[in-house]
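K.L.:
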Amino acid sequence: MTTQSRVPSIPAPAAPRTGRRAPVRGRTLRTDRWWAQPAVTVAVLTSFVVYSTWAAFVDRDYFWEPYLSPFYSPCLATRCGLVPGSQGAPHVGIFGSWWIISPAIIILIVPLGFRLTCYYYRKAYYRSFWLSPPACAVAEPHRRYTGETRFPLILQNVHRYFFYLGFLLNIVLSYDAVIAFRDHQGRWGHAGLGTLVLVLNALLLWAYTLSCHSCRGIVGGRLNHFSRHPVRYRLWTWVSRWNRYHGQIAWVSLVWVALADLYVRLVAAGWITDVRFF
Amino acid sequence: MGYDLKLRVWRGDENGGGLVDFTVPVEEGEVVLDAIHRLQATQAHDLAVRWNCKAGKCGSCSAEINGRPRLMCMTRLSLFDPAEPVTVTPLRTFPVIRDLVTDVSFNYEKAKTVPPFTPPEGLALGEYRMAQVDVERSQEFRKCIECFLCQNVCHVIRDHEENKQHFAGPRFFIRYAELDMHPLDTLDRKRQLRDEHGLGLCNITKCCTEVCPEGIKITDNAIIPMKERVVDTRYDPLTRFIRRFRSPEQPRRPAPERQGQTAADS
Amino acid sequence: MSEIERHSYDVVVVGAGGAGLRAAIAAHDAGARTAIVCKSLLGKAHTVMAEGGIAAAMGNVWPEDNWQVHFRDTMRGGKMLNNWRMAQLHAQEAPERVWELESWGALFDRTPDGKISQRDFGGHRYARLAHVGDRTGLEMIRTLQQRAVALGIDVFMECTITRLLKDGDRIAGAFGYWRESGRFIVFEAPSVVLATGGIGKSFKVTSNSWEYTGDGHAMAMLAGAPLINMEFVQFHPTGMLWPPSVRGILVTESVRGDGGVLRNAEGRRFMFDYISDYFKAETADTEEEADRWYDDHINNRRPPELLPRDEVARAINAEVKAGRGTPHGGVYLDIASRRSPEFIKKRLPSMYHQFKELADVDITKEPMEIAPTCHYVMGGVEVDADSAMSKVPGLFAAGEVAGGMHGANRLGGNSLSDLLVFGKRAGEYAAAHAAGLAVRPRIDEADVAQAEAEALAPFARDGGENPYSLHRDLQETMHNLVGIIRVAEEMERALERIAEYRERLEKVSVEGNRQYNPGWHLALDLRNMLIVSESIARAALERKESRGGHTRDDYPSTDPEWGKRNVCCRWDGDHVTVYQQPLPEMPDELKKLFEEH
C-alpha cells in the first residue's frame, strides 16, 4: 500500500482525477448463492415451455365431456371435436375447416403474449435466460445493452392489449369452469375433480390478470386526483393489494394451467378416471 | 458478545489498490460503520469513508458489503458469520476518489436536468389544497434519501458506462413519477423521461427495489406506472383516441426544452 | 507554491442545511451572484435528521392559533431569555415560509380539507407542526435543494471553509479546502452567510453528525464576532440508549406528541412528579386528564411528557440518579401500550424502522429505552434580529449557528422554522449588503498564506498524537464535566483540560496524503471544537443560576436578575473571554401577551 507510508515533506494536493472506477476484480463479490434463483427460474420455465409446446401440437385428448383443456379453449377451428380424445368438443369455428393443424396454436398466442410481455415475467426471463443481470450486483456478460428501446423489445409496450385479450379469454375459461358443473351426459348439478381443477384454474387466471400492472394503471393508476374518482380509487387500491403478489400468482397460475391440461388429457385419453363428487 | 472481526477493506485510488485485511474488535449490536470507524481511529487514520447521520437518514455511507450494495450504518454485523471475513468495497458504478469514497456527481448532474415542480399560475401561497390520498404516492418517492444504491446497482450503467449519457437511473425515475403524480403540477415531462433519461433502457429487473434502504417500491410504484403512462401517450392509439373525447385529468403542458441551465423563477 | 483556486461572488453561504439553502435562494432571488459551500454532499446536512415538523401558526388544525400565541410559547419555552424581536419575526413569518416550500414542491401531510396538517409538540399550545410523517427535515432539505438546483445556484460540495478573510473590519471572503483533493480554495465575497449548524460533536453522546464541529461559531469568533448564550445546550430527552453503537441517535418528540409516555423502571409515569410551578397552570396533573387532552385541547391541560425539552431531560436524569432507571441507565418511552400498531407505523415510520433495524426492538410491541442526548446549541453568533448580521460588517449568521432566537431553551419544531425565517432574512440582507458597497473589500494575501500554513501544519509534524484520541478525550470531558448538570468546580476542571488539549492539538500529526483524508480533516475541525467547548464552559461558569438548557447543581434556582442579562463570548487572541450585556427590552404591547394568560 503506497498510501500507508509517510511522506516526510508536506504532501501536494491530489492531481485531478480521470474518472476511473475502483479496479475491483471479479464479476461479483457476493458470497451468497445468487445463482440459485435464476437457475430455478430456468428449470421451471423450460419445463413449462417443453410441456406446453408438446401439448399444443399433439392435437388430441383435450376434451372429455364436460371438461375442455384450457390450452384448447375456445377452439377456433371446426376440426375440434373430430380428433381422437376430443370428440364432441365445443367450438367456435371462425377459422373454418381449412385450419388443419392443432387449433391450440391460434388461441395460445393470447396467454403467450400476455405472459411474455408481463412486467413480472420480463424480470424473470431477463434475469435468468438473458442474464441481464443474472442477479443484483453481478455483472452481465453482454458487451452492449439497449434495454427495451428498440425492436423487438420495444414491443413490450403492447402489454395492455394482451391484457384486454387475456381478460376476454378468462371469460371463456370461466364459462368452461361453469359448464364443468355437469356430468358426462350433460346433466347440470354435478361435479368432479376436473370441475375443481377448472374452477381453480379460472380463479387463478383471474387473479393473475387482475393483479397485472397494466390493469393497475388502467383502473386508476393513470389518475392524479384519486379524491375526485372514489370508485376508481377503490378499484386501484384493490388491484394494488393483489399486484404485490403478482409474481407469486404468475407462477402458481402458470403451473396450474399446465396441470389442468394434463388432468383433462389423462382423463380424455383414458389413463385415469375422473373422480366424481356428486 | 464482542469478538475480533476480520475486515477486508478496499483501499486505493483510481491508479490502483486492492483489498487489505484488518482485524478489528467489535461489540454486540454494532454495525459495519462502527467497525470502519474503529479501524479508522485505531489503525488506518487516513481511511477515506463518507458518512453523516449514522442512522439511515442521510444516505451518505453507501458501499458494497460482501458484494451487496448497502448502507454501512444500517448493516448489522450480526448478519454475518463471525468466522468469515466481511468485505467492504466502494460503489462500483461510480469513479473512485479514494478507499470507500466515490465520485457520485453523475447523480447531481442528472438532478439538474429534470424539469422542476411547476405549480399552476396564480395560486397564492397558503391556498394550495391537496387531498391526502392524492399526495400519498408522491410522498413515497420523497422518502428517498439519495444514497444512490439504486443507481449503483442498476446494470444499465453499472455494466455499461456508455449508457450514463442517456440514462438517469431509478432515483430520477421516482423523481419523474413524483412530479407526474403530483396533484398540482402542471408540466408533462414524459418526453424528457423517455428520450433523454432513458426510461426504455430499464428492463424492470428490480435490483433498485431490492437494495432501497427506504423500502421504496421503485419498480412497481414508479417505473412501471411511468412506463404505462408513456404507453398511454405514445404507444396506445386506443387510449389516445378515447382521451381526445373524454379525459379524466386536466391536460398538462409539455415541459420546456432545456437550454443550458434553466432558471425556474416563479 | 501551487496556484490557489479563486472565485468571486456577491454572497457566499457556508453550509447547505435548511438555513444555508434558504439564504442562498433568497440571495439569488435578490439578484446576488451566490455560491453555497458545504462540507458534505448536497442534501446530507443535519437538517435531514429533523423529524417532528416545522412550527408555524397557520391555524389549520386549531383556528385559535396565531402568531401571538406562537410568540408567547417560544418566549416561555426559552425562559424569557430570547431576543424578543427574533421570536416575533419568527412567529410572524413562519407560516409564509412553510407555504413557500409547498409552492416549490414539498408534500406535507394533509388535513381532511386539503390544508397542511399540523401536529402537537412539547411546549406548543396548539397542534402547530407542519410535518411529513417523521421525516420532515428530509422533505425540507430536498425541497430547498431542488429549488436551489432549479435556480442554478453554484454549489461547492465537500469543500470545508477554515477561515473567514477580512479587509479591515469588514468581511472580504473565505478560505477553505476541497476535501476530495486537499487543494485550497479562496472565495472573494463582500457578504458571507454562516449557516454551519451546531456543536454537538464536542460531546460524547449526541444526536449530531460529524459535521457538527462548531465551524461557524469558531470562525466568527476568530473573525471578531462575539457569541451569545453559549451556556445553553439542549439535551434532547429522548435519545437511543442500547446497543452502545446507537447511543445518542434521536428518538423524535413526535412519539410523545402522538401519545407516547415516559415510565421509570417501576412503571410509573414519573413526569407528573416534575411539573415546575412555571408550567403548573397549563399541565395536567392526573393521567386521566392528560389522556383526554389528545382529543380535546380546549377543556384539558397537556400531559407533562410534553413539557419543554429541558424540563423532561432533567426529570429523566433525576429518575436515573434516584435508582429508578432501566438496566442500561435510562427510562422507558412507551407508545406500544397506548396506540395501535397501524397508527404507530403510519405516524412514526422511520422510528419504527430505526428501532427494528438498529436495536431489534419492535416499538409497536415493546417500550423504547431512552436517555438524554446532546442535540442543539441555543447559543451562537450574536446577530441583529432583522438582518441576521453579526457585529462584523458583511458577516451574517442563520440557523443553529446564530444565537438569541431560542433564549435558554428551544421548543421542538422551532428549529426548522428558524432556519427558514432567518435563512431568508440573512440571504436578503447579505445580498443588499453586497449591493450597497461602493468598493468591494480586498483580500489580504498575507491572510491567505497564513490560513494555508495553518491548514498544512498537521502534515509538518511527525510522530505526534493522532487526532482521533484527542477528539475522544474532549468529548469525554465535555460529557462528564459540562453536561446536563453542572457545578463550578467541574467546569473549572474542564477549562484546565481544554487548555491542555489546545497544547496537544499543537502537536497532532496526520498520516497519509491530502486526498480525502478524514484524519487531517478532523485535526482541522478540532481547533473549532476546542474554541466552542471553551466558550460553553466559560459561559456556563459565568451564569450562576439554573435556567432552560443550563442547570447548575450549585445554583439550582432561577434568578430573575440573571433573566435580564445575556452572557457573551469573545476571542481574545489566545483564549475566550466572557462578558455580560443587558437583554433587549420587549415593547409594552408584547409584554401584555404574557399578562393575559
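Chains as they are written, first to last, in this note's numbering: chain P, 1 to 278; chain C, 279 to 544; chain E, 545 to 1141.
Backbone N, C-alpha and C fix where the C-beta goes; we use that ideal spot for every residue, glycine too.
#1: Since K484/C meets chain P, which of its residues come closer than 7 Å, beta carbon to beta carbon?
#2: Per DSSP, what kind of secondary structure is I715/E in: helix, strand or coil?
#3: Which residues in the same chain have their Cβ closer than 7 Å to the Cβ of M895/E, if we skip the five residues on either side of it in sequence?
#4: With a cut-off of 9 Å, does the C-beta of N1057/E fall near any C-beta of chain A?
#5: I'd like to confirm the pairing. Which residues does DSSP put opposite I1042/E in its beta bridges?
#6: Note the first and the last residue of the continuous alpha helix (DSSP H) segment covering C486/C.
#7: P491/C and G334/C look like a contact to me (Cβ under 8 Å); what is the Cβ gap, rounded to whole Å?
#8: Quick one: Cα of F95/P to Cα of L82/P, how far?
#9: For S735/E, collect the residues of the same chain with a Cβ closer than 6 Å to its Cβ; drop the 5 residues on either side in sequence, then sort them by chain order.
#10: Taking L45/P as the reference, give the member of V110/P, F57/P, Y125/P and S86/P with the closest Cα.
#11: In angstroms with no decimal places, state the Cα-to-Cα distance between Y756/E and G681/E.
#12: Count the other C-beta atoms from every protein chain shown that fall within 10 angstroms of the C-beta of Y245/P, then say buried if there are 16 or more, exposed otherwise.
#13: Between which two residues does the beta strand (DSSP E) containing N243/P stretch?
#14: If you follow the beta strand (DSSP E) that K284/C is in, where does it begin and where does it stop?
#15: Anyone know if the C-beta pair for R316/C and V364/C falls short of 9 Å?
#16: Thinking C-beta only, is I423/C closer than 9 Å to A500/C?
#17: How close, in whole Å, do the beta carbons of Q410/C and D653/E come, if the pair is a contact with beta carbons under 8 Å?
#18: By the criterion of Cβ-Cβ separation under 7 Å, what are the contact partners of A1004/E in chain P?
#19: Using C-beta distances below 6 Å, list every residue in its chain close to A650/E, excluding the 5 sequence neighbours before and after it, in chain order.
#20: Please state whether the Cβ-Cβ distance between G597/E and L963/E is less than 9 Å.
#21: May I have a chain-ordered list of the alpha helix (DSSP H) segments no shorter than 4 residues that lie completely inside the region 997 to 1027 of chain E?
#22: With burial defined as no fewer than 16 other Cβ atoms inside 10 Å of the residue's Cβ, what is the status of Q539/C: buried or exposed?
#23: So which residues of chain E does T420/C contact, with C-beta pairs closer than 7 Å?
#24: Considering Cα atoms alone, identify which of E833/E, R836/E, I819/E and R883/E is closest to V856/E.
#25: So does the region 181 to 200 of chain P actually touch the region 99 to 112 of chain P, counting three or more Cβ pairs closer than 8 Å?
#26: Unbroken beta strand (DSSP E) runs of length 3 or more, entirely within the region 788 to 850 of chain E: which are they?
#27: Evaluate the contact criterion for the region 139 to 155 of chain P versus the region 476 to 483 of chain C: three or more CB pairs, one atom per stretch, below 8 Å.
#28: Could you have a look at Y145/P and say whether DSSP puts it in helix, strand or coil?
#29: Got a sec? Which residues, its chain only, sit under 7 Å from V676/E by beta carbon, not counting five neighbours each side?
#30: Could you tell me the distance, in whole angstroms, from the CA atom of E308/C to the CA atom of W238/P?
#31: Is V327/C helix, strand or coil by DSSP?
#32: What would DSSP say about E549/E, mapped onto helix, strand or coil?
#33: For the beta strand (DSSP E) holding I314/C, just list the boundary residues, first then last.
#34: For E342/C, write down the residues that DSSP places opposite it in a beta bridge.
#35: Tell me the start and end of each unbroken alpha helix (DSSP H) in the region 366 to 437 of chain C that is at least 4 residues and wholly inside, in chain order.
#36: When you compare the CB of F129/P with every CB in chain C, is at least one pair closer than 9 Å?
P.N.:
The answer reads as follows:
#1: Working through the second sequence from its first residue, we reach residue 484/C at position 206. Those are K123, listed as they occur along chain P.
#2: In the third sequence, the residue the question calls residue 715/E occupies position 171. In this structure, I715/E counts as strand in the three-state DSSP scheme.
#3: Working through the third sequence from its first residue, we reach residue 895/E at position 351. Only D678, V795, T796, V799 and I907 meet the Cβ criterion.
#4: Among the protein chains of the structure shown, namely P, C and E, there is no chain A.
#5: Taking the third sequence and counting its residues from 1, the one referred to as residue 1042/E is at position 498. According to DSSP, I1042/E bridges with nothing at all.
#6: Here residue 486/C corresponds to residue number 208 of the second sequence, with the count starting at 1. Note, C486/C: alpha helix (DSSP H), C485 to V489.
#7: Along the second sequence, one-based indexing puts residue 491/C at 213. Along the second sequence, one-based indexing puts residue 334/C at 56. That belief holds up - the Cβ atoms of P491/C and G334/C are roughly 6 Å apart, short of 8 Å.
#8: Locating residue 95/P in the first sequence gives position 95, counting from the first residue. Locating residue 82/P in the first sequence gives position 82, counting from the first residue. Cα to Cα, F95/P sits roughly 15 Å from L82/P.
#9: For the purposes of this step, residue 735/E is identified with residue 191 of the third sequence, where counting begins at 1. V555, G938, A974, H977 and A978.
#10: Here residue 45/P is taken as the residue at index 45 of the first sequence, counted from 1. Comparing Cα positions, the closest option is Y125/P.
#11: By 1-based counting over the third sequence, the position of residue 756/E is 212. By 1-based counting over the third sequence, the position of residue 681/E is 137. Taking the straight line joining both Cα atoms gives about 16 Å.
#12: Along the first sequence, read from residue 1 onward, the residue named residue 245/P stands at position 245. Exposed.
#13: Numbered from its first residue, the first sequence carries residue 243/P at position 243. For N243/P, no beta strand (DSSP E) run applies; the uninterrupted alpha helix (DSSP H) run containing it begins and ends at P230 to N243, by DSSP.
#14: Locating residue 284/C in the second sequence gives position 6, where the first residue counts as 1. Element bounds for K284/C: Y281 to D291.
#15: Here residue 316/C corresponds to residue number 38 of the second sequence, with the count starting at 1. Here residue 364/C corresponds to residue number 86 of the second sequence, with the count starting at 1. No, the pair does not count as a contact, with Cβ atoms beyond the cut-off.
#16: As a working mapping, residue 500/C is identified with position 222 in the second sequence. As a working mapping, residue 423/C is identified with position 145 in the second sequence. Result no, Cβ atoms of A500/C and I423/C do not sit closer than 9 Å.
#17: Counted from its first residue, the second sequence places residue 410/C at position 132. Counted from its first residue, the third sequence places residue 653/E at position 109. The Cβ separation is near 7 Å, so the contact holds.
#18: Counted from its first residue, the third sequence places residue 1004/E at position 460. Those are I10, listed as they occur along chain P.
#19: Here residue 650/E refers to the residue found at position 106 when the third sequence is read from its first residue. If we look at A650/E and ignore the five residues flanking it on each side, its Cβ neighbours are E683 and T687.
#20: For the purposes of this step, residue 597/E is taken as the residue at position 53 of the third sequence. For the purposes of this step, residue 963/E is taken as the residue at position 419 of the third sequence. It is not a contact, given that the beta carbons lie outside the stated cut-off.
#21: With a minimum length of 4 residues, the unbroken runs of alpha helix (DSSP H) contained wholly in the region 997 to 1027 of chain E fall at 1011 to 1025.
#22: Here residue 539/C refers to the residue found at position 261 of the second sequence. In this prediction, Q539/C has a pLDDT of 42, which is less than 50 and means its spatial position is unreliable; what the coordinates show is noted afterwards. Q539/C is exposed by the Cβ-count criterion.
#23: Here residue 420/C is taken as the residue at index 142 of the second sequence, counted from 1. Correcting the residue identity first, residue 420/C is Arg in this sequence and not Thr. Neighbours of R420/C on chain E, chain order: L651, E683 and R686.
#24: Indexing the third sequence from 1 puts residue 856/E at position 312. With distances taken between Cα atoms, V856/E lies closest to I819/E.
#25: no
#26: 805 to 807
#27: yes
#28: Along the first sequence, read from residue 1 onward, the residue named residue 145/P stands at position 145. In the structure shown, the three-state DSSP call for Y145/P is coil.
#29: For the purposes of this step, residue 676/E is identified with residue 132 of the third sequence, where counting begins at 1. Correct list, in chain order: L651, F652, D653 and E683.
#30: Translated into positions along the second sequence, residue 308/C becomes position 30. Translated into positions along the first sequence, residue 238/P becomes position 238. So the alpha carbons of these two residues sit roughly 41 Å apart.
#31: Within the second sequence, residue 327/C is the residue found at index 49, counting from 1. DSSP places V327/C in coil when its eight states are reduced to three.
#32: Here the question's residue 549/E lines up with position 5 in the third sequence. Correct three-state label for E549/E: strand.
#33: By 1-based counting over the second sequence, the position of residue 314/C is 36. Boundaries for I314/C: no beta strand (DSSP E) harbours it, while the alpha helix (DSSP H) harbouring it runs V310 to T320, taken from the DSSP string.
#34: In the second sequence, the residue the question calls residue 342/C occupies position 64. Looking at the DSSP assignment, E342/C forms a beta bridge with P347/C and T367/C.
#35: 383 to 390, 410 to 419, 427 to 431 and 433 to 436
#36: Taking the first sequence and counting its residues from 1, the one referred to as residue 129/P is at position 129. Output row for F129/P: interface = no.
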